[in-house]
Structure formats: C-alpha cells, structure tokens
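So the structure is just underneath, and the comments pick up after that.
2 protein chains.
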Amino acid sequence: MSKALSIFDTTLRDGTQGEGISLSADDKLKIAGKLDQLGVHYIEGGIPGSNSKDIEFFKRVKELKLQAKITAFGSTRRKDSLAEHDANLKRMIESGVPAATLVGKSWDFHVHTALQTTLEENLAMIYDSIAYLKRQGLEVIFDAEHFFDGYKNNPEYALSVMRKAEEAGADWLVMCDTNGGTMPHEVHDIVSVLAGTITGSQLGIHTHNDCELAVANSLSAVRAGATQIQGTMNGYGERCGNANLCSIIPNLQLKLGYQVLEPEQLKQLTNTARYISEIANVHMPVNQPYVGTAAFAHKGGIHVSAILRDSRTYEHIEPELVGNRQRVLVSELAGQSNIVSKAQEMGIDFDPENESTRAVISKIKELEHQGYQFEGADASLELLLRQASGELKELFVFESFKMLVEKTADRPVVSEAFVKLNIDGASVYTAAEGNGPVNALDNALRKALISYYPGLKDMHLSDYKVRVLDDKDATASKVRVLIESKDFTNSWNTVGVSSNVIEASWEALVDSIRYALLGQTKREDYEELPYAGTGLVNQ
Amino acid sequence: MSKALSIFDTTLRDGTQGEGISLSADDKLKIAGKLDQLGVHYIEGGIPGSNSKDIEFFKRVKELKLQAKITAFGSTRRKDSLAEHDANLKRMIESGVPAATLVGKSWDFHVHTALQTTLEENLAMIYDSIAYLKRQGLEVIFDAEHFFDGYKNNPEYALSVMRKAEEAGADWLVMCDTNGGTMPHEVHDIVSVLAGTITGSQLGIHTHNDCELAVANSLSAVRAGATQIQGTMNGYGERCGNANLCSIIPNLQLKLGYQVLEPEQLKQLTNTARYISEIANVHMPVNQPYVGTAAFAHKGGIHVSAILRDSRTYEHIEPELVGNRQRVLVSELAGQSNIVSKAQEMGIDFDPENESTRAVISKIKELEHQGYQFEGADASLELLLRQASGELKELFVFESFKMLVEKTADRPVVSEAFVKLNIDGASVYTAAEGNGPVNALDNALRKALISYYPGLKDMHLSDYKVRVLDDKDATASKVRVLIESKDFTNSWNTVGVSSNVIEASWEALVDSIRYALLGQTKREDYEELPYAGTGLVNQ
C-alpha cells in the first residue's frame, strides 16, 4: 500500500473536449497554478501548435515555476515518414516541456479504420516517435489509445504495442479506456496481464466515464499494478467525461491507504474543484461526490437526529478532510430537528418547545408547500428564523413598485422600475433603468437604500436562477427565483415564489438586501451619515 | 449469466431525499406509470403515513394496475414493544401493497448510537417485524442498513442480523451501503461471504454514490451473487445520490449479458430518464452516461472524421440501444449537413448549394452562438427555414408592446400588457391583464389576432421554461425561454433569447403564434370572415 502513485491531470487538454468547456490561455494558467498548489504530479497543458491559446500557455507557464511537471500532448509520427521530420513532434519538443504525452494506437481495428495503415507500420510509428522524443531528453508518457478494446479484440497485438513502446524507452505505458466501455473486473484482469509482462516502464491508467465506472476502473487498475492515474478535475471531458480526480484522489488516500497528497493539500480539494468549475463556467452538480455542496448534506428527519448524536452514523468520512462541510437541509421531509440545528448553526437562540418556534416551523412547511425551497436559500431562511426569534429589526418598509418594459419595432427594448420605500419614516421614491426588468428593479431598490446604507455598494448579485414549478398551466404557472449575492467576503442565497416572475424576483431581491443589512446595522448607524434624511435620497 | 435479476426502483422514496427533489402525489403517479412501462420489477412508492402525499399515492396507484410490484417502506418495530401494536407497521399493511421494504440496523455502532438499545433487542425487532408482515401475507424485502460498515466493524453481528431475518421468513436480504463509503472489492468480498451463508432468502444490493462508486458496487455485488438491485433513476438520492439505474441497467444488459429488460423496453431508457428529470424539475447533466445529451456527442476534429467512417471507433455501444442518439457538436461541416437533413425532414425544398441556404445556415449558427437552442425548438427552426426558402407569408407585423407590473403593499400584484400589431394594413391595438407578465402578453397578442384567425382559440401554451444562460452577470445575464404550445392534434416548441426575460418570452410567444398560423392560412382565408376589418378587433 505504500507504493508511490502519480496523479496526472489532463483537465487542460482532455477536459476541454467536454461539451460547453472552453478555456482561454489565462484560464489555463490560473487552473495550472491551482492544480500545482493541490499537489498533482503532472499537468497536461494542451496540444502545442494546435491553436494559439496552447502556444501562449506553454510559453507563459514556465514563468510560474510550478512544482508539477508540465506535459504536452501529441500523436505518433505520420505513417510512412520520419519522426525527425514530423511537424507535430517538433512542436512538442519546441514547447519546452520536460515531459511529452504521446498517443498511439493499440487496437488493430483502429489502425486499419482510422489510421488506414498496417499493423507493422503502426508499431514503427510508435517506436520511432518515442525513441526520437527520448533522444531529445524528454520524459515520455505513452498513452495507448483504446488499449482495453484492443486487448479484447487482439491481445497479442495490444501487448506487442506496449512491448514496442517499452523497448523504445517510454517511461510510462498508459492503458486508455478511450471509449469508456470496459468493466472494472476486465480492467483488473487486463492490467494484471500487462503488469506481468512489462518490467522496463511504469504503468498508468486513463479511463472515461461512459458506463459511470471511470473512478472504479481507475481504482481497479491501481490495485492491479498501475501507478500513474490520468484524469480531470470534476471529471470534465468528452461525452460522459474523464475519470474524476476529485473522487479518485480521496478514494486512494482515505479509503485505500495510499499517500497521494499531503493531508493539508487534500483539504484544498473542495476549494480547488469549485474554483475550476467557476473558471470553466460549468455548474457543479450539488451531489458531486466529496466536493459538492450536497455531498455531506442531510435532509431526512431520522438521519438528522442521528448525525447530531454522531456524524459517523451517516457520513463516510469527516467532510473537513477534503475541505467540505456538513449541512442540514430544511425540507418538508424533515422534522423540526433540522430547523433547530439550522438555527443553532446560525447562532440563533431557538427553543424547540416554545410557541413561536412551532409557529415558524409550520410557516416554513406552508411556504415549502407553496413552492419555496430553503435548501438553496439559507439567507431567506435565516431571515424567517431571526424574525420569529424577535431579534430582526426591519430597516425599511415596502410601499410599492412599478416595472415597465417597452419595445417598439424600431428600437431596442427598454426596462424601467419605480420603487417606493419608507425608510425610517421618510418616503423614498426612486426610478432606474436596467438591461432587463430584474436588473432595473435591483438598480432602483439599491438606489433607494444606498444613501442610508452605503455598505450596500460592496454587494452585488452573482447568480440568478428561474424555475417554472408546474408546467401544466404554462404562463399561468408558478415560478421560483433563486438569487445569489456576494460581497468581498461572503455569499448568500435568497428565494422568491409567485405566479408572476417579476414579483418572485422582487421577493428574492428584497431578501438579499435585508440579509445584507443584517450585517450593516452592526457596523454603522445610518443616522450618523451626513446625507441621511436629506432630499438627496429622492432620486 | 442467465440468472434472473430484479430491478428495484426507489426514485419515489430514497430519490426524494435528494437536495432539490420534491414530488407531488400526481408527479409520483406519473413516474410510477413510466417506470412500469420501462419494465422495472419493484417500485418503492414512499413511506405510508409519513405525509398526505404518500397516503394519496398508495390509494391511487392501485387504479393504475401496474405490472411492477409496488412496495411501501418502513422501519422495524419500536424497541421494547410488540410488532402487532406498531403504528408504522400497521400503516404499511393498510397501504394495501403486495410487498414491504423493511429497514433494520445491522451495524452494532448504530444499534447503540441511533437506536439506543441492545444488540439482542435489535435482533428481536427485526425478527418480530418480518414475521408479522409475513403473517399478513406480504412479500418482505429486508434492507439491512449500513450492512457493509456493520460487517467491517463486527462481522459476527452483521451476519447474525441477516440470519435472523432469513429465519423470520424475509424473501430478500438487501445489503445496504448506506453511507456510500465502501470500495468495490470490499463489496465483492462481503457479498461473497453472505452468499455462502444464506440459503433461504435471495440477496439484494443497495448502494450510495459518496465515493462515485455506486454503479461499480452494484455490479460487484451482482457478480458475487446478489439478484436484486436497488437504485434510482438518474441516481437521485440523499447526499451524492443512490446507485443510478440508468447506468446499471444497460451495464448489466449490454456489458455483462444479463437479460434485465426486453430490448424494446431498454430503448425507452433515455426517454424515461429525461421524462423523470422533467417531472422532478432537475436539470439532467449533459454528460450523464448512456442517457445524457452529450453521452454520444463528438466535438470535432479527428474523432468526428473517425466516427463518420465507423461509429465503433469512439462509441462503446450503439446509442439507439438505449434510445439515445449520436450528435456531432456544431462544426462547419456537421452544422450544414444537420440543417439540410432537418429541412428535408420538414418537407422544405432546400438546396445546400444555393446562396440563401448558406445565408440561413450562418444565421442559425450566429443565433446558436447568441444562446438560441433549436434542438428543443423545432417550430422556431422551421419558421427560419421556411422564411429562407421564400415560402413564408407573414400574417401580421409587430409594431410595439408595453408591459406593466405594479404592486403596492396592500394589494396583489397586477400585470397588464399592451400590444400593437399591423394586420393586413390595419393597426390593431389591444390591452389585456394576466396573472403574470407573460400571461398578460399572451392574452393581449391573441386578443389582437383571434378575430382574424379564430382557429387560434384551439391552441394554448402547455409548457414554459426559463433558463439563465450565463451566471456570471446575474440579473444582467441572458435568458432563454422555451415555450411549448398545443392544439387538439399537435404540439410545437419555440424559443426566445434576450438579456430581458420579457423580451425573450415575447419572441417565443410570437413564434408560437406564427407557427400556428402556418396551418391556419391553409385552412381558411380571413377576408371571408364576417367580422374581419370591423372595429371589433380594437379591444
């Protein structure tokens, strides 16, 4: 169990083959820096010369002076030519990386169908390319494409490919399940065969998730002798994605006893995964293993009362080991124990036995029945609980809003909002435009309040989601709006529900501002501001 | 490999423990009907008596006369009491189901910590509850909670729990990896031990995805002797979800050679998975194995030219086996052939070589770049293509719309829309209210047109979806609206995109009406209508 394992990250190369994933050179550099902090051993940066982004990446990544080895990806030389004349191999060398990932064919069917050459020429292409890269002083990682399909179709040929690569001096022979169709017991058997044959190179594994088995297949290969694991963060990659390093790393380290990263680095896993999903602009599924926001979230009443006694009852690891945390979800399935523990988490004094507690619990259930969902709207829930506990001071009173959208054939659409609030006894009436109705409302609402609470200028809306709750009635059905807001240090989520999308958005907007003001009242007293109460606030 | 396997679906029970998943009784009945068509063998409907939804479900599901066995879920009797007096067991029996899923403890730690009773009393609770349900004529599926953690901590006790359940007459002993922390090789070893011990009951497996191994663990258990597989559609469930039946079923049938469903039923897999994600109102990840829209999508370059030669080069199965299809993500070449084949499908004469064809193809690409998606909006695509082919006659011209939403503290929100169209040279100006801004616009638009085209009264909007396209700019980001419309015989889908949700909705609404009018012009000539052209139309 103490054999050293290498983590090979290909988020920047194979990961970008995923639908909807596109990374600029800047994005790639940021991600490389973050992966290096996490402690992965190899970072595959891209395909030199395939596009200007990758050229820029390879040029600038050297300045970062990372610990991880940067590798460049490319194919074996073209058929019937010399490796020394191959433009592609030349670009890999010129990129200045210490290690090259060279992909070659190991499935006879592919040699015939895709390469359209002979089995012998393919072996020569592999040998020549590896030998040439080795002569240039590079570490060579040979990715045997479709190795498992190849082995199943023609084991002798697949093994001869690997022996040829070993003979040429490849440092690593990586078995790729390119189409993602191999079962874990097959991986185990086939890797075991190769491990019994190869002595001069180390073995690696590269799997895809088409059968939802990429993580299992990676572990199978490690147990059978592979020591390099190729994958991507969050499992990004073509079709169903590559093997997800965010699951593989903690499985290896916390379950199988390998020391892959330093424990302090492992604690960066959740943070790294979320950072990369932000940069890639891909929504992370809440239920993503280990790093998702729901990975250690508990909804059932019985489960919640058990984890309050001992978290091991329903958690397979301590979430802190991977930098995640436990959450208790509030939902109609849950008993009042969920709500009470949530209140405690928020530091609200909340006696489950008293009358107002029971009233707020039945109010929350009623709101959920109407379509509110507090699982994703902690701030709205906190406002309800603080209100019930009597400690919430409302800093403004709603009087009215009007929202107008107008479009004529010859001009762009215009959105305007008019908001009237009562702030500390004074009626404040503001108007604002926006590039959409919700943006206009947001602008008008902040305009009304910002003179009283200048701290509001530090917050902004960072996410806006709309969901139609019941499709049956089409445009007459209810919608739920979820808003995420941020300031320099925090983010919070609020919810609104209505059959009217504008009203639902307004509710969530107002809760966002009310929540922001919870902090504000503690920091400053608006009466001390020089311009409070002057005509300046009526804009 | 020919041993019969039973698929046990718990989407309606364990699946609803997932964050963001909430199903009404109607939703549950629809899903049950769909699962039955797919051919699963058991459908766990819920917890009788836990809430009014589940009571209603068990009452109404009998009327559906499904092939699948419906099961009700509940715990063993309370400690230190009689099974015959247990309100929970009574409700399971009263629900009228043919089979009961009874959950009990098999981890000594949980018996002490969560149940707070003795190991002996827990065995008695299991024995009494099973024996009582059996005496009532029910098939009993015993779910041994935390069986793998229990076995690892105290193998003798975990096995004694199973032997006691067998002795009490349980039909099935189901090993649950409740916390989802067990590795596939451990599952294989532990199931093998149990399979060597139990002779009077069949074995089942129930896994969770906390290590991204739920599918692999289910397969491991089947290979070691389990014949019932519990899981959920799309892997819904608490924390990281339950084992995903959408991956397990095709893995068993297409990879391991088991006959789980009829081949025709397996072809319903994608459709069923997507239907359930719609009902559950949960976005299906594009890269979901087997059933996701990207599961067989190819993003260009070398892979695309290889799959055009032979799809086996980069596809592990034929997508049609599970009702999915190959997609080539938009690239110069693929885009054009897709669009031409789409036009032919619509019966539009479309020469790929002429100028206007090339113009509309680049327009469609530009629109897709802006966020339009025509895959779910065939009617909008058809309008674009008919327009390009010169055969579309526009029956009205847009002049303007205004939309007003107003709310004051003491009154409900009001939505009004004002629409001005030019219909056959006459300016028609209408106003309408609605219970939301889109409903008001829809009402005003139809009001303007219905006197000219009375056939429009037969159509209505049947579905309305809003999706935020770019989370980064929050309320200033773009939204895409998809509308489904229906008349007596057809349904059609349209799309609108804008940074303004009202404008996006308006676009999709207008396309819906324009598409409806394609048929109308063929059926009747509005000039023959007695009230056309009179003042009546200015409402």
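If you read the sequences in order, they're chains A and B. The numbering of the first sequence is full-length UniProt numbering, which starts it at 1 and goes up by one. The numbering of the second sequence is full-length UniProt numbering, which starts it at 1 and goes up by one. Built from N, CA and C at the ideal position, the CB exists for glycine as well.
{"Item": "Close-in-space but distant-in-sequence residues of the same chain around R223 of chain A (CB under 7 angstroms, 5 per side omitted)", "Value": "H188"}
{"Item": "8 angstroms Cβ cutoff, D310 of chain A in contact with chain B", "Value": "yes"}
{"Item": "Sequence-distant residues of the same chain with beta carbon closer than 6 angstroms to I423 of chain B, five excluded per side", "Value": "F396, Y452"}
{"Item": "Helix, strand or coil at M346 of chain A according to DSSP, with G and I counted as helix", "Value": "coil"}
{"Item": "N- and C-terminal bounds of the beta strand (DSSP E) containing D463 of chain A", "Value": "460-468"}
{"Item": "Selection from B:L385, B:E399, B:A432, B:M403 that minimises the alpha carbon distance to Y515 of chain B", "Value": "B:L385"}
{"Item": "Chain A contact for C176 of chain B (CB, 8 angstroms cutoff)", "Value": "no"}
{"Item": "Three-state secondary structure (DSSP) of D473 of chain A", "Value": "For D473 of chain A, the predicted model reports a pLDDT of 47, less than 50, meaning its position is unreliable and no value from the coordinates is stated."}
{"Item": "Extent of the continuous beta strand (DSSP E) run through F142 of chain B", "Value": "139-145"}
{"Item": "Whether L159 of chain B touches M175 of chain B by CB criterion (8 angstroms)", "Value": "no"}
{"Item": "Start-to-end residues for the beta strand (DSSP E) that takes in G46 of chain A", "Value": "42-46"}
{"Item": "Where the beta strand (DSSP E) containing L254 of chain B begins and where it ends", "Value": "Note, L254 of chain B: premise wrong, no beta strand (DSSP E); not H, not E."}
{"Item": "Residue range of the unbroken beta strand (DSSP E) whose run includes L102 of chain B", "Value": "99-105"}
{"Item": "One or two residues paired with L119 of chain B in a DSSP bridge", "Value": "BP columns for L119 of chain B are empty, so no partner."}
{"Item": "8 angstroms Cβ cut-off: residues of chain A touching E406 of chain B", "Value": "S400, F401, K402, M403"}
{"Item": "Neighbour-count burial assignment, P285 of chain B, 16 or more Cβ in a 10 Å radius", "Value": "buried"}
{"Item": "Within chain B, the residues that G74 of chain A reaches when beta carbons sit closer than 7 angstroms", "Value": "Going along chain B, no residue has its Cβ under 7 angstroms from G74 of chain A, so there is no contact; the nearest lies around 12 angstroms."}
{"Item": "Own chain, CB closer than 7 angstroms to H316 of chain B, minus 5 neighbours either side, in chain order", "Value": "none"}
{"Item": "Where the alpha helix (DSSP H) containing M92 of chain A begins and where it ends", "Value": "87-94"}
{"Item": "T207 of chain B versus B:M183, B:G200, B:S201, residue with shortest Cα-Cα distance", "Value": "B:M183"}
{"Item": "Bridge-paired residues (DSSP) for N493 of chain B", "Value": "B:E484"}
{"Item": "Near-chain A residues of the segment 91-117 of chain B (beta-carbon distance less than 7 angstroms), N- to C-terminal order", "Value": "H110, T113, A114"}
{"Item": "Terminal residues of the beta strand (DSSP E) in which K69 of chain B lies", "Value": "69-75"}
{"Item": "C-alpha gap between G137 of chain A and E56 of chain A, whole angstroms", "Value": "23 angstroms"}
{"Item": "Whole-angstrom distance between V481 of chain B and R467 of chain B, CA atom to CA atom", "Value": "6 angstroms"}
{"Item": "S427 of chain B (DSSP reduced to helix, strand or coil)", "Value": "strand"}
{"Item": "First through last residue of the alpha helix (DSSP H) which encompasses E56 of chain A", "Value": "52-61"}
{"Item": "CA-to-CA distance, T11 of chain B to L115 of chain B, given in whole angstroms", "Value": "26 angstroms"}
{"Item": "At least three beta-carbon pairs within less than 8 angstroms, the segment 310-330 of chain A to the segment 291-299 of chain A", "Value": "yes"}
{"Item": "For G15 of chain B, three-class secondary structure by DSSP", "Value": "helix"}
{"Item": "Burial state of Q373 of chain A (16 or more Cβ within 10 Å)", "Value": "buried"}
{"Item": "When B:F73, B:D442, B:H110 are compared against S95 of chain B, the one with the closest alpha-carbon", "Value": "B:F73"}
{"Item": "Buried versus exposed call for G390 of chain B [16 or more other C-beta atoms within 10 Å across all chains shown]", "Value": "exposed"}
{"Item": "D310 of chain B in three-state terms, based on DSSP", "Value": "coil"}
{"Item": "Rounded separation between L266 of chain A and R239 of chain B - CA only", "Value": "20 angstroms"}
{"Item": "Cβ-Cβ separation, G434 of chain B to S415 of chain B (assumed contact under 8 angstroms), whole Å", "Value": "5 angstroms"}
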